[in-house]
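To start, the structure itself, in structure tokens.
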Amino acid sequence: MRIFAINPGTTSTKIALYDDTVELWRENILYTREQLSVFETPEDEKDLRYDDVISALKKRGIKTNDLDALVGRGGLLHPLSGGAWIVNEAMISDLSSARYGSHACNLGAIIALKIAKEAGNKPAYIVDPVCVDEMIPVARISGIPDSPRRAIFHALNQRAVAYRVAAKINKKMKDCKFIVAHMGGGVTVGAHYLGKIIDVNNALGGYGPMTPERAGTVHAMDLIEKCFSGEYTKAQMRKMIIGDAGLFAHLGTMDFKYIAEKRASGDEKFNLIVEALAYQVACEIGNRSIAMKGEIDAIILTGGLAYSEYLCNLIEERVSWLAKVIVSPGEDELKSLCEGTYRVLSGQEEAKVYEQE
Numbered sequence: 011m012r013i014f015a016i017n018p019g020t021t022s023t024k025i026a027l028y029d030d031t032v033e034l035w036r037e038n039i040l041y042t043r044e045q046l047s048v049f050e051t052p053e054d055e056k057d058l059r060y061d062d063v064i065s066a067l068k069k070r071g072i073k074t075n076d077l078d079a080l081v082g083r084g085g086l087l088h089p090l091s092g093g094a095w096i097v098n099e100a101m102i103s104d105l106s107s108a109r110y111g112s113h114a115c116n117l118g119a120i121i122a123l124k125i126a127k128e129a130g131n132k133p134a135y136i137v138d139p140v141c142v143d144e145m146i147p148v149a150r151i152s153g154i155p156d157s158p159r160r161a162i163f164h165a166l167n168q169r170a171v172a173y174r175v176a177a178k179i180n181k182k183m184k185d186c187k188f189i190v191a192h193m194g195g196g197v198t199v200g201a202h203y204l205g206k207i208i209d210v211n212n213a214l215g216g217y218g219p220m221t222p223e224r225a226g227t228v229h230a231m232d233l234i235e236k237c238f239s240g241e242y243t244k245a246q247m248r249k250m251i252i253g254d255a256g257l258f259a260h261l262g263t264m265d266f267k268y269i270a271e272k273r274a275s276g277d278e279k280f281n282l283i284v285e286a287l288a289y290q291v292a293c294e295i296g297n298r299s300i301a302m303k304g305e306i307d308a309i310i311l312t313g314g315l316a317y318s319e320y321l322c323n324l325i326e327e328r329v330s331w332l333a334k335v336i337v338s339p340g341e342d343e344l345k346s347l348c349e350g351t352y353r354v355l356s357g358q359e360e361a362k363v364y365e366q367e
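Here this note's numbering is used: position 232 in the sequence shown is 242, and no number is missing along the way.
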């Protein structure tokens, strides 16, 4: 089965063709900000990006009806359970109107469905979008009733890595109990309990460990003082929490390779901040162990920062008493989209139908 995956980002559209789950080729279609500046919203870019995707297929002599299924990166929708979702007109309506937010990822399903129709009404899916929210009721409660905890996290990579580890230990996902820590520009730690992600920190909500560019959990009263000091605009405060925070705020860089080199050369400040990052990730893993009631098959470290053996070792030193630690570095969103689609096409999972709320 030929599966075509589409992953639109802010200034790129990554595409790949698979035979079942074996990659045949991939391409990264790049755009300058000047090219995209003529569009008022990312959703308005759909025709440009669609045309470029079709051109990439034609360049390789591939007709749309050669494809068996299409999958797009999931966009901003109302909260959904994990897994694959059939792209339908209800979903396209919410994405095209940016009902739940505007972002280039909304184009994944839009482009996938358009190509699927041209291919003879082939199936089109999204897999584990950022709006996946399976948190148990007790995990949603915060100390402010109208500010509940919400799940915004790396659902696609977390679930894909969990599936791969489950296969390696010869278990089905519905029988596994994992804690998965995705460590990249954002850091999210999810409690994967029998196929559901029942608790996770919010990657954009200022909750959890600091990251290369994000603050994580900080003292609320300090933030209030800054907000009303008259020294910062709302945009500056947002940038202080997401963008100019974390490792960047402490060290002036978010290049973890450089940070690792400085630490290894004996720089005490760099060493302390890296240890603090590891400590905070380990603490978040410990928090998720409570959601799991201590029943954990494995702790999985993934994402770009998981390539750092030193960082992973620091984390493992603090959490290995909870469960075995498995390191699965990096992320491959196109591959994860393909694998999620293949699970549906091969009968391992059933795709869900999106309905508007």
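Glycine residues also receive a C-beta, built at the ideal position from the N, C-alpha and C atoms.
Straight-line CA distance for K272 to Y217?
When rounded, the distance between both Cα atoms is 28 angstroms.
By how many angstroms is the C-alpha of A126 removed from the C-alpha of T74?
T74 and A126: Cα-Cα distance of roughly 8 angstroms.
Do L80 and Y41 come within 9 angstroms of each other at the CB atom, strictly closer than that value?
Contact: no.
Whole angstroms are fine: how far does the CA of I269 sit from the CA of V335?
About 24 angstroms.
Roughly how many whole angstroms lie between the Cα atoms of N194 and D342?
The amino acid occupying residue 194 in the given sequence is Gly; Asn does not appear at that position. Roughly 13 angstroms separates the two Cα atoms.
Could you tell me the alpha carbon to alpha carbon distance between V329 and A316, rounded to whole angstroms?
If you take the alpha carbons of V329 and A316, they lie about 15 angstroms apart.
Report the residue from E44, T31, A26 whose alpha carbon sits nearest the alpha carbon of E37.
Of the candidates E44, T31, A26, the one whose C-alpha sits nearest the C-alpha of E37 is A26.
Residues in its own chain within less than 6 angstroms of G51 by CB, not counting five upstream and five downstream?
The identity of residue 51 in the sequence shown is Thr, whereas the question assumes Gly. Closer than 6 angstroms at the Cβ level, and outside the excluded window around T51, lie S112.
Excluding the five sequence neighbours on either side, which residues of its own chain have a C-beta within less than 6 angstroms of the C-beta of G226, listed in chain order?
Excluding residues within five positions, the ones whose Cβ falls inside 6 angstroms are G218, P219, M220.
Report the residue from V337, T20, M250 whose alpha carbon sits nearest the alpha carbon of F49.
Ranking the options by Cα distance to F49, first place goes to T20.
Distance check for D209 and I151, CA to CA, integer angstroms please.
Computed Cα separation, rounded: 11 angstroms.
Quick one: residues in its chain with C-beta nearer than 7 angstroms to the C-beta of M183, no 5 flanking neighbours on either side, listed in chain order?
Excluding residues within five positions, the ones whose Cβ falls inside 7 angstroms are A172, Y173, A176, G205.
Can you check which of these residues, R160, N98, H229, is closest to Y364 by C-alpha distance?
Among R160, N98, H229, the Cα nearest to that of Y364 is on N98.
I'd like the span of the alpha helix (DSSP H) that includes P18, first residue to last.
Run containing P18: none in the alpha helix (DSSP H); it sits in the beta strand (DSSP E), 12-18.
Would the region 254-266 and the region 289-304 be scored as touching if the rule is three or more Cβ pairs under 8 angstroms?
With a cut-off of 8 angstroms, the region 289-304 and the region 254-266 do not count as touching, because too few Cβ pairs lie within range.
As a quick exercise: from P133, I121, D307, pick the residue whose alpha carbon is nearest that of K24.
Selected option, being the one with the closest Cα: I121.
From the DSSP output, in three-state form, read off A79 for me.
In this structure, A79 counts as strand in the three-state DSSP scheme.
Determine the extent of the beta strand (DSSP E) in which I252 is found, giving its start and end residues.
Counting along the chain, I252 falls outside any beta strand (DSSP E), and DSSP gives it neither H nor E.
Near P279, which residues of its chain fall below 8 angstroms by C-beta distance, leaving aside the five closest residues on each side in sequence?
According to the sequence shown, residue 279 is Lys rather than Pro. Excluding positions up to five away in sequence, the list reads H260, L261.
Measuring alpha carbon to alpha carbon, tell me which residue in I283, R159, Y242 is nearest Y320.
Answer by Cα proximity: I283.
Give me the DSSP bridge partner(s) of N38.
Partner(s): K24.
Label V243 either buried or exposed according to how many other C-beta atoms from any shown protein chain fall within 10 Å of its C-beta, with 16 as the threshold for buried.
A small fix is needed here, since residue 243 is Thr in this sequence, not Val. T243 comes out exposed.
Need the endpoints of the alpha helix (DSSP H) that G296 sits in, please.
It spans 278-301 - the alpha helix (DSSP H) in which G296 sits, taken as one unbroken run.
So M193 is in the beta strand (DSSP E); what residue range does that whole segment cover?
From DSSP, the beta strand (DSSP E) with M193 extends over 187-193.
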